[in-house]
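Colleague: Okay, here's the structure, questions in a sec.
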Amino acid sequence: MSKTTGGAADDLDSSAELAAELLRRRDEDQHVRGLLPDTGPWPSDVLERMRRIDADNTAFLKRVIAAHGWPGLSLVGRHAANAAWLIAQHSDADPEFQRHARDLIAEAVAKGEAPRRHLAYITDRCLVHEGQPQLYGTQYFDNGDGAGVRPRPIADLDRLDQRRAEAGLSPYAEHDARMRKRP
């Protein structure tokens, strides 16, 4: 297999090649999501393409982790480490892997290898998938009723901004305004 179509992560000869592949996969992830319309139903062909990309990226990130551990800042640099986190965020079809990635990101944060905000976002993502209230208010949804996006349930609202600050996130009111402003 070629390095860009799902070959083993340990086939990549250098950290630079690994970083480049993570960035390529991030770009593909974001491109397909950019094809989704702002209103109306999402086209089934685009959703299927997104599912295939997410599944391939999840499998790739699993191989990266098996070969190198979490691809943190010192291994792949800031942009590619962000790409690895984004791939883990979009690994919704594999919640067990997503929880594993969350745990690895927690370890990376403790070592200075990942920003705290990555842990906040993936923690919320995992909690939402488990049917639990999120801690940081990062996860939103739009059920198509015309009311626009709104946050998934959030635990302990009185301490929300404190948790967000500790995670390096902006105050919730600012984040909420940005999220609701999106088309």
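Numbering (our numbering), first residue to last: 41 to 223. Glycine is no exception: its CB is placed at the ideal position from the N, C-alpha and C atoms. Here the structure is a predicted model, which is why all the values come from computation and not from measurement.
1. Decide if the stretch 201 to 212 is in contact with the stretch 153 to 171; the criterion is three or more beta carbon pairs, one per stretch, under 8 Å apart.
2. Which partner residues does Pro191 have in the DSSP bridge list?
3. From the DSSP output, in three-state form, read off Gln172 for me.
4. Using a Cβ-Cβ cut-off of 7 Å (strictly less than) and excluding sequence neighbours within five positions of Arg220, which residues of its own chain qualify?
5. Is the stretch 193 to 202 touching the stretch 82 to 93, taking contact as three or more C-beta pairs under 8 Å?
6. In this structure, does DSSP put Ile125 in helix, strand or coil?
7. Taking the alpha helix (DSSP H) that Cys74 falls in, what are its first and last residues?
8. Answer with buried or exposed for Ser114, where buried requires no fewer than 16 other C-beta atoms within 10 angstroms of its C-beta.
9. Spatial neighbours of Leu76 within its chain, please: CB distance less than 7 Å, with the 5 preceding and 5 following residues excluded, ordered by chain position.
10. For the alpha helix (DSSP H) that Arg3 lies in, which residues bound it at each end?
11. Can you confirm whether the stretch 146 to 154 touches the stretch 127 to 135 when touching is taken to mean that 3 or more C-beta pairs between the two stretches lie within less than 8 Å?
Modeller: In terms of the structure at hand:
1. Under the Cβ criterion (8 Å, minimum of three pairs), the stretch 201 to 212 counts as touching the stretch 153 to 171.
2. Residue mapping note: residue 191 aligns to position 151 of the sequence shown, counting from 1. For Pro191, the pairing in a beta bridge is given by DSSP as Tyr180.
3. Within the sequence shown, numbered from 1, the residue matching residue 172 stands at position 132. Gln172 falls in the coil class under three-state DSSP.
4. On the sequence shown, residue 220 is found 180 positions in, with the first residue counted as 1. Cβ-Cβ distances below 7 Å link Arg220 to Gly188, Val189 in the same chain, with the five nearest sequence neighbours on each side left out; the list follows chain order.
5. Taking a cut-off of 8 Å for Cβ pairs, the stretch 193 to 202 and the stretch 82 to 93 do not touch, as fewer than three such pairs fall below it.
6. Here residue 125 refers to the residue found at position 85 of the sequence shown. Ile is not the amino acid found at residue 125; the sequence shown has Trp there. In the structure shown, the three-state DSSP call for Trp125 is helix.
7. Along the sequence shown, read from residue 1 onward, the residue named residue 74 stands at position 34. It is Gly, not Cys, that sits at residue 74 in the sequence shown. It spans 55 to 74 - the alpha helix (DSSP H) in which Gly74 sits, taken as one unbroken run.
8. Mapped onto the sequence shown, residue 114 falls at position 74. Classification of Ser114: exposed, given that the 10 Å Cβ count is below 16.
9. Along the sequence shown, one-based indexing puts residue 76 at 36. A distance below 7 Å between beta-carbons, with the five flanking residues on each side excluded, links Leu76 to the following residues of its chain, in chain order: Trp82, Val86.
10. Because the chain here runs from 41 to 223, residue 3 falls outside it and cannot be looked at.
11. The answer is no - the stretch 146 to 154 does not touch the stretch 127 to 135, with fewer than three Cβ pairs under 8 Å.
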